[in-house]
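Residue numbers (our numbering): 720 to 1191.
Here it is in C-alpha coordinates:
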(Lines of atoms letter the chains of each structure in order from A and count residues from 1; the text may use other names and numbers.)
(Lines give C-alpha, C1' and ligand atoms only; values in the text may rest on other atoms or scores of the structure.)
Protein backbone atom coordinates (compact mmCIF):
# COMPACT_ATOMS: atom_id res chain seq x y z
CA UNK A 1 0.00 0.00 0.00
CA UNK A 2 1.05 3.59 -0.51
CA UNK A 3 0.55 4.64 3.10
CA UNK A 4 -2.28 7.06 2.30
CA UNK A 5 -5.51 6.81 4.24
CA UNK A 6 -8.32 5.73 1.90
CA UNK A 7 -11.16 8.17 1.48
CA UNK A 8 -13.73 7.56 4.19
CA UNK A 9 -17.30 6.90 3.23
CA UNK A 10 -18.51 5.87 6.67
CA UNK A 11 -17.58 6.48 10.26
CA UNK A 12 -16.65 2.82 10.56
CA UNK A 13 -13.81 2.99 8.02
CA UNK A 14 -10.43 2.28 9.62
CA UNK A 15 -7.23 4.15 8.75
CA UNK A 16 -4.77 2.43 6.42
CA UNK A 17 -1.87 2.34 8.89
CA UNK A 18 -0.89 -0.81 10.79
CA UNK A 19 -3.19 -3.17 8.88
CA UNK A 20 -3.27 -6.90 9.20
CA UNK A 21 -3.99 -8.86 6.04
CA UNK A 22 -7.69 -9.08 6.87
CA UNK A 23 -7.85 -5.31 7.43
CA UNK A 24 -6.41 -4.70 3.99
CA UNK A 25 -9.05 -6.94 2.44
CA UNK A 26 -11.74 -5.10 4.40
CA UNK A 27 -10.66 -1.68 3.07
CA UNK A 28 -10.44 -2.91 -0.52
CA UNK A 29 -13.97 -4.28 -0.36
CA UNK A 30 -15.53 -1.41 1.61
CA UNK A 31 -19.22 -0.81 1.14
CA UNK A 32 -20.19 1.97 -1.18
CA UNK A 33 -21.92 2.83 -4.43
CA UNK A 34 -20.99 0.33 -7.10
CA UNK A 35 -19.40 1.72 -10.29
CA UNK A 36 -21.52 1.81 -13.47
CA UNK A 37 -22.12 -1.63 -14.90
CA UNK A 38 -21.23 -3.33 -11.62
CA UNK A 39 -23.94 -5.01 -9.59
CA UNK A 40 -23.90 -4.89 -5.80
CA UNK A 41 -24.37 -7.95 -3.71
CA UNK A 42 -27.37 -7.79 -1.48
CA UNK A 43 -27.07 -7.60 2.27
CA UNK A 44 -26.53 -11.27 3.01
CA UNK A 45 -24.20 -13.16 5.27
CA UNK A 46 -21.11 -14.86 3.91
CA UNK A 47 -22.73 -18.23 4.49
CA UNK A 48 -25.78 -17.22 2.46
CA UNK A 49 -23.53 -16.05 -0.37
CA UNK A 50 -21.92 -19.46 -0.72
CA UNK A 51 -25.25 -21.17 -0.16
CA UNK A 52 -26.57 -19.30 -3.19
CA UNK A 53 -23.53 -20.38 -5.21
CA UNK A 54 -24.01 -24.02 -4.16
CA UNK A 55 -27.64 -23.90 -5.30
CA UNK A 56 -26.75 -22.85 -8.84
CA UNK A 57 -27.67 -25.83 -11.04
CA UNK A 58 -24.50 -27.83 -11.67
CA UNK A 59 -22.43 -25.98 -9.05
CA UNK A 60 -21.73 -28.97 -6.74
CA UNK A 61 -20.29 -30.86 -9.70
CA UNK A 62 -17.96 -27.97 -10.58
CA UNK A 63 -16.82 -27.48 -6.99
CA UNK A 64 -16.30 -31.09 -5.92
CA UNK A 65 -15.46 -32.64 -9.28
CA UNK A 66 -13.00 -29.83 -9.94
CA UNK A 67 -11.11 -30.55 -6.73
CA UNK A 68 -10.97 -34.33 -7.28
CA UNK A 69 -9.88 -33.95 -10.91
CA UNK A 70 -6.94 -31.70 -9.92
CA UNK A 71 -5.61 -33.63 -6.92
CA UNK A 72 -3.03 -35.11 -9.27
CA UNK A 73 -1.39 -31.68 -9.53
CA UNK A 74 -0.13 -32.18 -5.99
CA UNK A 75 0.70 -35.88 -6.40
CA UNK A 76 2.16 -36.62 -9.84
CA UNK A 77 5.26 -34.38 -9.81
CA UNK A 78 6.30 -35.68 -6.39
CA UNK A 79 5.64 -39.32 -7.29
CA UNK A 80 7.42 -38.94 -10.63
CA UNK A 81 10.46 -37.40 -8.98
CA UNK A 82 10.76 -40.21 -6.42
CA UNK A 83 10.05 -43.05 -8.86
CA UNK A 84 12.43 -41.90 -11.58
CA UNK A 85 15.17 -41.37 -9.00
CA UNK A 86 14.59 -44.84 -7.61
CA UNK A 87 14.61 -46.39 -11.10
CA UNK A 88 17.73 -44.59 -12.37
CA UNK A 89 19.61 -43.75 -9.20
CA UNK A 90 19.94 -40.10 -10.24
CA UNK A 91 18.02 -37.05 -9.08
CA UNK A 92 19.22 -35.23 -12.20
CA UNK A 93 17.32 -37.67 -14.43
CA UNK A 94 14.27 -37.36 -12.17
CA UNK A 95 14.40 -33.56 -12.43
CA UNK A 96 14.52 -33.74 -16.22
CA UNK A 97 11.47 -36.04 -16.27
CA UNK A 98 9.54 -33.65 -14.02
CA UNK A 99 10.60 -30.73 -16.20
CA UNK A 100 9.46 -32.46 -19.39
CA UNK A 101 6.11 -33.20 -17.77
CA UNK A 102 5.60 -29.57 -16.73
CA UNK A 103 6.83 -28.05 -20.01
CA UNK A 104 4.71 -30.38 -22.15
CA UNK A 105 1.60 -29.52 -20.15
CA UNK A 106 2.35 -25.78 -20.34
CA UNK A 107 2.98 -25.89 -24.10
CA UNK A 108 -0.15 -27.83 -25.03
CA UNK A 109 -2.64 -26.23 -22.61
CA UNK A 110 -3.44 -23.16 -24.80
CA UNK A 111 -4.07 -25.47 -27.77
CA UNK A 112 -6.47 -27.58 -25.73
CA UNK A 113 -8.10 -24.38 -24.46
CA UNK A 114 -8.76 -23.06 -27.96
CA UNK A 115 -10.11 -26.46 -29.00
CA UNK A 116 -12.43 -26.45 -25.98
CA UNK A 117 -13.71 -23.00 -26.96
CA UNK A 118 -14.60 -24.32 -30.43
CA UNK A 119 -16.05 -27.76 -29.77
CA UNK A 120 -16.79 -27.46 -26.06
CA UNK A 121 -14.79 -28.45 -22.96
CA UNK A 122 -16.62 -31.74 -22.47
CA UNK A 123 -15.07 -33.68 -25.42
CA UNK A 124 -11.62 -32.37 -24.53
CA UNK A 125 -12.02 -33.41 -20.89
CA UNK A 126 -13.37 -36.85 -21.84
CA UNK A 127 -10.40 -37.58 -24.11
CA UNK A 128 -7.72 -36.24 -21.80
CA UNK A 129 -9.41 -37.73 -18.73
CA UNK A 130 -8.83 -41.18 -20.26
CA UNK A 131 -5.49 -40.68 -22.03
CA UNK A 132 -3.70 -39.02 -19.09
CA UNK A 133 -4.17 -42.01 -16.73
CA UNK A 134 -3.07 -44.29 -19.58
CA UNK A 135 0.09 -42.20 -20.00
CA UNK A 136 0.79 -42.51 -16.27
CA UNK A 137 0.30 -46.27 -16.55
CA UNK A 138 2.78 -46.24 -19.43
CA UNK A 139 5.25 -44.35 -17.26
CA UNK A 140 4.95 -46.99 -14.53
CA UNK A 141 5.64 -49.67 -17.11
CA UNK A 142 8.65 -47.78 -18.49
CA UNK A 143 10.11 -47.34 -15.01
CA UNK A 144 10.54 -51.11 -14.80
CA UNK A 145 13.38 -50.83 -17.32
CA UNK A 146 15.52 -48.72 -15.00
CA UNK A 147 18.17 -46.37 -16.36
CA UNK A 148 18.34 -48.31 -19.64
CA UNK A 149 14.75 -47.24 -20.40
CA UNK A 150 15.44 -43.52 -19.78
CA UNK A 151 14.34 -42.38 -23.28
CA UNK A 152 11.07 -44.25 -22.87
CA UNK A 153 10.62 -42.78 -19.37
CA UNK A 154 11.10 -39.28 -20.80
CA UNK A 155 8.63 -40.01 -23.60
CA UNK A 156 5.92 -41.21 -21.22
CA UNK A 157 6.51 -38.27 -18.87
CA UNK A 158 6.07 -35.93 -21.83
CA UNK A 159 2.89 -37.72 -22.95
CA UNK A 160 1.51 -37.44 -19.43
CA UNK A 161 2.08 -33.68 -19.54
CA UNK A 162 0.55 -33.33 -23.01
CA UNK A 163 -2.61 -35.16 -21.97
CA UNK A 164 -3.21 -33.48 -18.60
CA UNK A 165 -6.87 -32.33 -18.67
CA UNK A 166 -7.43 -28.53 -18.81
CA UNK A 167 -9.69 -28.73 -15.76
CA UNK A 168 -8.87 -25.35 -14.24
CA UNK A 169 -9.63 -23.46 -17.45
CA UNK A 170 -12.86 -25.39 -18.03
CA UNK A 171 -14.11 -24.84 -14.47
CA UNK A 172 -13.32 -21.13 -14.37
CA UNK A 173 -14.84 -20.61 -17.80
CA UNK A 174 -17.98 -22.40 -16.64
CA UNK A 175 -18.27 -20.18 -13.55
CA UNK A 176 -18.11 -17.11 -15.76
CA UNK A 177 -20.82 -18.56 -17.99
CA UNK A 178 -23.06 -19.39 -15.02
CA UNK A 179 -22.84 -15.81 -13.74
CA UNK A 180 -23.29 -13.88 -17.01
CA UNK A 181 -25.73 -10.94 -16.85
CA UNK A 182 -28.52 -12.85 -18.60
CA UNK A 183 -28.55 -15.44 -15.76
CA UNK A 184 -29.36 -12.89 -13.06
CA UNK A 185 -26.42 -14.20 -11.00
CA UNK A 186 -23.76 -11.59 -11.78
CA UNK A 187 -23.63 -10.59 -8.12
CA UNK A 188 -22.56 -14.14 -7.23
CA UNK A 189 -19.51 -14.17 -9.53
CA UNK A 190 -17.05 -12.92 -6.87
CA UNK A 191 -18.20 -15.60 -4.41
CA UNK A 192 -18.17 -18.32 -7.09
CA UNK A 193 -14.64 -17.51 -8.27
CA UNK A 194 -13.47 -17.08 -4.67
CA UNK A 195 -14.80 -20.55 -3.86
CA UNK A 196 -13.05 -21.96 -6.94
CA UNK A 197 -9.75 -20.26 -6.11
CA UNK A 198 -9.88 -21.25 -2.44
CA UNK A 199 -10.73 -24.86 -3.23
CA UNK A 200 -7.82 -24.90 -5.67
CA UNK A 201 -5.63 -24.03 -2.67
CA UNK A 202 -6.96 -27.19 -1.02
CA UNK A 203 -5.54 -29.20 -3.93
CA UNK A 204 -2.03 -28.13 -2.91
CA UNK A 205 -2.71 -29.21 0.67
CA UNK A 206 -4.47 -32.53 0.05
CA UNK A 207 -2.33 -33.61 -2.91
CA UNK A 208 1.00 -33.80 -1.04
CA UNK A 209 -0.77 -35.35 1.95
CA UNK A 210 -2.18 -38.10 -0.28
CA UNK A 211 1.26 -38.64 -1.77
CA UNK A 212 2.78 -38.96 1.69
CA UNK A 213 0.06 -41.36 2.87
CA UNK A 214 0.29 -43.58 -0.23
CA UNK A 215 4.09 -43.66 -0.09
CA UNK A 216 4.08 -44.53 3.59
CA UNK A 217 1.48 -47.28 3.25
CA UNK A 218 2.28 -48.85 -0.13
CA UNK A 219 5.17 -47.07 -1.83
CA UNK A 220 5.52 -44.29 -4.40
CA UNK A 221 4.06 -46.41 -7.22
CA UNK A 222 0.74 -46.48 -5.39
CA UNK A 223 0.84 -42.67 -5.24
CA UNK A 224 1.10 -42.45 -9.04
CA UNK A 225 -1.73 -44.96 -9.39
CA UNK A 226 -3.82 -42.86 -7.00
CA UNK A 227 -3.10 -39.77 -9.09
CA UNK A 228 -4.26 -41.57 -12.23
CA UNK A 229 -7.46 -42.78 -10.53
CA UNK A 230 -8.49 -39.42 -9.05
CA UNK A 231 -7.78 -37.64 -12.34
CA UNK A 232 -9.86 -40.18 -14.25
CA UNK A 233 -12.78 -40.16 -11.80
CA UNK A 234 -12.78 -36.41 -11.21
CA UNK A 235 -12.42 -35.39 -14.86
CA UNK A 236 -15.12 -37.74 -16.11
CA UNK A 237 -17.41 -36.67 -13.27
CA UNK A 238 -16.87 -33.05 -14.22
CA UNK A 239 -17.42 -33.73 -17.92
CA UNK A 240 -20.64 -35.61 -17.14
CA UNK A 241 -22.11 -32.74 -15.15
CA UNK A 242 -25.06 -30.72 -16.41
CA UNK A 243 -23.09 -27.52 -17.01
CA UNK A 244 -20.57 -28.99 -19.43
CA UNK A 245 -23.11 -31.39 -20.96
CA UNK A 246 -25.27 -28.45 -22.06
CA UNK A 247 -22.42 -26.26 -23.28
CA UNK A 248 -23.19 -24.20 -26.39
CA UNK A 249 -20.88 -22.08 -28.56
CA UNK A 250 -20.78 -18.46 -27.49
CA UNK A 251 -23.12 -16.39 -29.69
CA UNK A 252 -20.87 -13.29 -29.75
CA UNK A 253 -19.67 -14.07 -33.25
CA UNK A 254 -16.02 -13.49 -32.26
CA UNK A 255 -14.07 -16.35 -33.83
CA UNK A 256 -10.64 -17.11 -32.48
CA UNK A 257 -7.88 -16.67 -35.07
CA UNK A 258 -4.16 -16.04 -35.01
CA UNK A 259 -3.02 -14.92 -31.57
CA UNK A 260 -6.51 -15.39 -30.18
CA UNK A 261 -6.81 -14.14 -26.60
CA UNK A 262 -3.29 -12.69 -26.79
CA UNK A 263 -4.60 -10.01 -29.18
CA UNK A 264 -7.25 -8.75 -26.72
CA UNK A 265 -6.33 -5.29 -25.34
CA UNK A 266 -5.03 -5.49 -21.81
CA UNK A 267 -4.74 -9.28 -21.74
CA UNK A 268 -0.97 -9.48 -22.44
CA UNK A 269 -0.33 -7.05 -19.57
CA UNK A 270 -2.62 -9.11 -17.35
CA UNK A 271 -0.64 -12.22 -18.33
CA UNK A 272 2.54 -10.40 -17.31
CA UNK A 273 1.03 -9.85 -13.85
CA UNK A 274 0.01 -13.52 -13.78
CA UNK A 275 3.62 -14.45 -14.58
CA UNK A 276 5.00 -12.21 -11.83
CA UNK A 277 2.64 -13.79 -9.29
CA UNK A 278 3.60 -17.23 -10.55
CA UNK A 279 7.27 -16.33 -10.20
CA UNK A 280 6.62 -15.23 -6.63
CA UNK A 281 4.81 -18.44 -5.69
CA UNK A 282 7.56 -20.54 -7.27
CA UNK A 283 10.10 -18.63 -5.20
CA UNK A 284 8.02 -19.16 -2.05
CA UNK A 285 7.82 -22.91 -2.74
CA UNK A 286 11.62 -23.01 -2.53
CA UNK A 287 12.18 -20.29 0.07
CA UNK A 288 9.96 -21.85 2.75
CA UNK A 289 11.67 -25.30 2.64
CA UNK A 290 15.06 -23.55 2.53
CA UNK A 291 14.13 -21.56 5.64
CA UNK A 292 12.92 -24.76 7.32
CA UNK A 293 16.23 -26.45 6.56
CA UNK A 294 18.19 -23.54 7.99
CA UNK A 295 16.08 -23.32 11.18
CA UNK A 296 15.48 -26.96 12.13
CA UNK A 297 17.42 -29.94 13.34
CA UNK A 298 18.60 -32.88 11.21
CA UNK A 299 15.73 -34.88 9.73
CA UNK A 300 13.09 -32.35 10.75
CA UNK A 301 13.29 -29.98 7.77
CA UNK A 302 10.86 -31.88 5.54
CA UNK A 303 8.15 -32.06 8.19
CA UNK A 304 8.58 -28.41 9.17
CA UNK A 305 8.45 -27.28 5.53
CA UNK A 306 5.23 -29.23 5.01
CA UNK A 307 3.64 -27.65 8.07
CA UNK A 308 4.66 -24.13 7.02
CA UNK A 309 3.35 -24.61 3.49
CA UNK A 310 0.11 -26.05 4.86
CA UNK A 311 -0.56 -23.16 7.26
CA UNK A 312 0.17 -20.70 4.46
CA UNK A 313 -2.38 -22.49 2.28
CA UNK A 314 -4.93 -22.51 5.09
CA UNK A 315 -4.55 -18.77 5.60
CA UNK A 316 -4.99 -18.22 1.88
CA UNK A 317 -8.08 -20.42 1.66
CA UNK A 318 -9.73 -18.68 4.63
CA UNK A 319 -8.99 -15.28 3.12
CA UNK A 320 -10.39 -16.36 -0.22
CA UNK A 321 -13.67 -17.59 1.21
CA UNK A 322 -14.04 -14.44 3.33
CA UNK A 323 -13.24 -12.16 0.42
CA UNK A 324 -15.69 -13.81 -1.94
CA UNK A 325 -18.64 -12.80 0.22
CA UNK A 326 -17.71 -9.11 0.30
CA UNK A 327 -19.34 -6.32 -1.71
CA UNK A 328 -16.85 -5.03 -4.29
CA UNK A 329 -16.83 -1.23 -4.38
CA UNK A 330 -13.64 -0.61 -6.35
CA UNK A 331 -12.67 -1.38 -9.94
CA UNK A 332 -11.09 -4.82 -10.27
CA UNK A 333 -7.74 -3.42 -11.41
CA UNK A 334 -7.61 -1.21 -8.33
CA UNK A 335 -8.59 -4.10 -6.06
CA UNK A 336 -5.88 -6.26 -7.56
CA UNK A 337 -3.21 -3.59 -7.21
CA UNK A 338 -3.99 -3.07 -3.52
CA UNK A 339 -4.20 -6.79 -2.79
CA UNK A 340 -0.95 -7.47 -4.66
CA UNK A 341 0.81 -4.76 -2.65
CA UNK A 342 -0.55 -6.51 0.45
CA UNK A 343 0.79 -9.88 -0.74
CA UNK A 344 4.16 -8.29 -1.50
CA UNK A 345 4.33 -6.83 2.00
CA UNK A 346 3.42 -10.19 3.54
CA UNK A 347 6.33 -11.79 1.63
CA UNK A 348 8.90 -9.09 2.34
CA UNK A 349 8.24 -9.14 6.10
CA UNK A 350 9.24 -12.82 6.15
CA UNK A 351 12.87 -11.74 5.71
CA UNK A 352 12.85 -10.47 9.29
CA UNK A 353 11.29 -13.54 10.92
CA UNK A 354 13.69 -14.89 13.57
CA UNK A 355 12.38 -18.45 13.84
CA UNK A 356 9.93 -20.97 12.40
CA UNK A 357 7.18 -20.08 14.87
CA UNK A 358 7.27 -16.44 13.83
CA UNK A 359 7.41 -17.43 10.17
CA UNK A 360 4.35 -19.67 10.58
CA UNK A 361 2.32 -16.91 12.20
CA UNK A 362 3.37 -14.44 9.48
CA UNK A 363 2.42 -16.94 6.77
CA UNK A 364 -1.06 -17.49 8.22
CA UNK A 365 -1.77 -13.78 8.66
CA UNK A 366 -0.26 -12.72 5.34
CA UNK A 367 -1.81 -15.66 3.54
CA UNK A 368 -5.29 -14.15 3.80
CA UNK A 369 -4.39 -11.77 0.96
CA UNK A 370 -3.17 -14.46 -1.46
CA UNK A 371 -6.41 -16.13 -2.59
CA UNK A 372 -8.26 -12.77 -2.83
CA UNK A 373 -5.54 -11.46 -5.16
CA UNK A 374 -5.77 -14.60 -7.29
CA UNK A 375 -9.58 -14.40 -7.29
CA UNK A 376 -9.55 -10.84 -8.64
CA UNK A 377 -6.90 -11.76 -11.19
CA UNK A 378 -8.96 -14.74 -12.39
CA UNK A 379 -12.06 -12.54 -12.57
CA UNK A 380 -10.21 -10.08 -14.81
CA UNK A 381 -9.15 -12.89 -17.16
CA UNK A 382 -12.80 -13.83 -17.70
CA UNK A 383 -13.85 -10.18 -17.92
CA UNK A 384 -11.29 -8.94 -20.44
CA UNK A 385 -11.69 -11.57 -23.17
CA UNK A 386 -14.78 -12.45 -25.21
CA UNK A 387 -16.69 -15.51 -24.08
CA UNK A 388 -15.62 -17.41 -27.19
CA UNK A 389 -11.95 -17.17 -26.07
CA UNK A 390 -12.39 -17.67 -22.34
CA UNK A 391 -11.11 -21.24 -21.96
CA UNK A 392 -8.07 -20.45 -24.07
CA UNK A 393 -7.42 -17.34 -21.96
CA UNK A 394 -7.48 -19.34 -18.74
CA UNK A 395 -5.12 -21.96 -20.20
CA UNK A 396 -2.72 -19.16 -21.18
CA UNK A 397 -2.87 -17.91 -17.59
CA UNK A 398 -2.09 -21.40 -16.30
CA UNK A 399 0.77 -21.85 -18.78
CA UNK A 400 2.40 -18.51 -17.93
CA UNK A 401 1.99 -19.08 -14.19
CA UNK A 402 3.60 -22.52 -14.35
CA UNK A 403 6.52 -21.35 -16.50
CA UNK A 404 7.18 -18.33 -14.31
CA UNK A 405 6.88 -20.46 -11.19
CA UNK A 406 9.69 -22.69 -12.41
CA UNK A 407 11.86 -19.64 -13.06
CA UNK A 408 11.09 -18.15 -9.66
CA UNK A 409 11.90 -21.42 -7.94
CA UNK A 410 15.24 -21.70 -9.73
CA UNK A 411 16.19 -18.11 -8.86
CA UNK A 412 15.18 -18.51 -5.22
CA UNK A 413 17.14 -21.75 -5.04
CA UNK A 414 20.29 -20.00 -6.24
CA UNK A 415 19.86 -17.29 -3.59
CA UNK A 416 19.00 -19.80 -0.85
CA UNK A 417 22.28 -21.66 -1.47
CA UNK A 418 24.28 -18.55 -0.54
CA UNK A 419 25.38 -18.08 3.10
CA UNK A 420 22.35 -16.69 4.96
CA UNK A 421 20.37 -16.75 1.74
CA UNK A 422 17.36 -18.70 3.07
CA UNK A 423 15.68 -15.57 4.41
CA UNK A 424 16.73 -13.32 1.54
CA UNK A 425 15.11 -15.68 -0.97
CA UNK A 426 11.80 -14.18 0.20
CA UNK A 427 12.95 -10.88 -1.36
CA UNK A 428 12.53 -12.39 -4.83
CA UNK A 429 8.91 -13.27 -4.12
CA UNK A 430 8.14 -9.86 -2.64
CA UNK A 431 9.66 -7.91 -5.51
CA UNK A 432 7.90 -10.05 -8.13
CA UNK A 433 4.47 -9.40 -6.59
CA UNK A 434 5.31 -5.70 -6.28
CA UNK A 435 5.88 -5.70 -10.04
CA UNK A 436 2.46 -7.26 -10.58
CA UNK A 437 0.85 -4.58 -8.40
CA UNK A 438 2.62 -1.78 -10.27
CA UNK A 439 1.32 -3.10 -13.61
CA UNK A 440 -2.28 -2.80 -12.42
CA UNK A 441 -2.11 0.40 -10.36
CA UNK A 442 -1.83 3.31 -12.88
CA UNK A 443 -5.27 4.19 -14.34
CA UNK A 444 -3.71 4.97 -17.72
CA UNK A 445 -1.92 1.62 -18.09
CA UNK A 446 -3.26 -1.34 -20.03
CA UNK A 447 -4.82 -3.40 -17.22
CA UNK A 448 -6.79 -0.51 -15.70
CA UNK A 449 -7.88 0.71 -19.14
CA UNK A 450 -9.06 -2.77 -20.14
CA UNK A 451 -10.98 -3.07 -16.87
CA UNK A 452 -12.69 0.28 -17.42
CA UNK A 453 -13.41 -0.61 -21.05
CA UNK A 454 -15.00 -3.90 -20.04
CA UNK A 455 -17.25 -2.04 -17.57
CA UNK A 456 -18.37 0.27 -20.37
CA UNK A 457 -19.27 -2.58 -22.72
CA UNK A 458 -22.90 -3.67 -23.09
CA UNK A 459 -24.04 -6.40 -20.70
CA UNK A 460 -23.57 -9.03 -23.41
CA UNK A 461 -25.63 -11.42 -25.50
CA UNK A 462 -28.97 -12.68 -24.33
CA UNK A 463 -28.30 -16.23 -25.49
CA UNK A 464 -26.48 -18.28 -22.85
CA UNK A 465 -23.24 -20.09 -23.57
CA UNK A 466 -24.31 -22.91 -21.34
CA UNK A 467 -27.88 -24.04 -20.96
CA UNK A 468 -28.70 -23.13 -17.39
CA UNK A 469 -31.81 -22.59 -15.35
CA UNK A 470 -32.86 -19.12 -14.17
CA UNK A 471 -31.37 -17.84 -10.94
CA UNK A 472 -32.92 -19.19 -7.76
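The beta carbon of each residue, even a glycine, is placed where N, CA and C say it ideally should be.
Taking each of 895, 795, 1123, 1083 in turn and checking the Cα distance to residue 1107, the smallest one comes out for 895. With contacts defined by Cβ atoms closer than 9 angstroms, residue 783 and residue 927 do not form a contacting pair. The alpha-carbon of residue 844 is positioned some 43 angstroms away from that of residue 1076. Between the segment 1020 to 1030 and the segment 1114 to 1131 there are fewer than three inter-stretch CB-CB distances shorter than 8 angstroms, so the stretches are not counted as touching. Apart from sequence neighbours up to five positions away, the residues of its chain that approach residue 921 with a beta-carbon distance below 8 angstroms are 786, 1032, 1036, ordered along the chain.
DSSP places residue 899 in no alpha helix (DSSP H); its state is neither H nor E.
Distance from the CA of residue 1160 to the CA of residue 877, rounded to the nearest whole angstrom, comes to 39 angstroms. Within its own chain, the residues whose Cβ lies closer than 7 angstroms to the Cβ of residue 859, once the five positions on either side in sequence are excluded, are 940, 943, listed in chain order.
The closest CA to that of residue 881, considering only 841, 923, 817, is found on 817.
By alpha-carbon distance to residue 1090, the top candidate from 1074, 905, 1062 is 1062. Here residue 1136 is exposed. Its C-beta has fewer than 16 other C-beta atoms within 10 Å. In this structure the segment 955 to 964 does not touch the segment 1108 to 1123; the number of beta carbon pairs closer than 8 angstroms is below three. Between residue 1084 and residue 1034, the C-beta spacing is below 9 angstroms. Taking C-beta separations shorter than 6 angstroms and ignoring five residues to either side along the sequence, the partners of residue 847 in its chain run 882, 884, following chain order. The C-alpha of residue 819 lies about 25 angstroms from the C-alpha of residue 842. For residue 1078, the enclosing alpha helix (DSSP H) covers residues 1075 to 1086. Secondary structure note for residue 1124: its alpha helix (DSSP H) is the uninterrupted segment 1109 to 1135. Contact between the segment 787 to 796 and the segment 947 to 957 is present: three or more C-beta pairs spanning the two stretches fall below 8 angstroms. Secondary structure of residue 1164 (DSSP, three-state): coil. CA-CA distance, residue 1073 to residue 1141, rounds to 12 angstroms. Of the candidates 825, 999, 912, 978, the residue whose Cα lies closest to the Cα of residue 1060 is 999. By the CB criterion at 9 angstroms, residue 989 and residue 1169 fall inside the cutoff.
The Cβ-Cβ distance between residue 869 and residue 1002 does not fall below 9 angstroms. Note on residue 773: under 16 other CB atoms within 10 angstroms of its CB, so exposed under the neighbour-count rule.
For residue 877, the enclosing alpha helix (DSSP H) stretches over residues 869 to 881.
With a threshold of 16 other beta carbon atoms within 10 Å, residue 830 falls short and is exposed. The C-alpha of residue 853 lies about 34 angstroms from the C-alpha of residue 1027. Taking a C-beta distance under 9 angstroms as the contact criterion, residue 933 and residue 794 qualify as a contact pair. Counting the other Cβ atoms within 10 Å of the Cβ of residue 912 gives 16 or more, which makes it buried. Between the alpha carbons of residue 766 and residue 1044 lies a distance of about 8 angstroms. The C-alpha of residue 952 is placed about 18 angstroms away from the C-alpha of residue 923. Each of 1054, 807, 840, 1052 was checked against the Cα of residue 886, and the nearest Cα belongs to 840.
The C-alpha of residue 1015 is placed about 34 angstroms away from the C-alpha of residue 1156.
Boundaries of the alpha helix (DSSP H) harbouring residue 927: 908 to 937, taken from the DSSP string.
C-alpha of residue 1149 to C-alpha of residue 1118: approximately 21 angstroms in a straight line. Counting along the chain, residue 1091 sits inside the alpha helix (DSSP H) bounded by residues 1089 to 1103.
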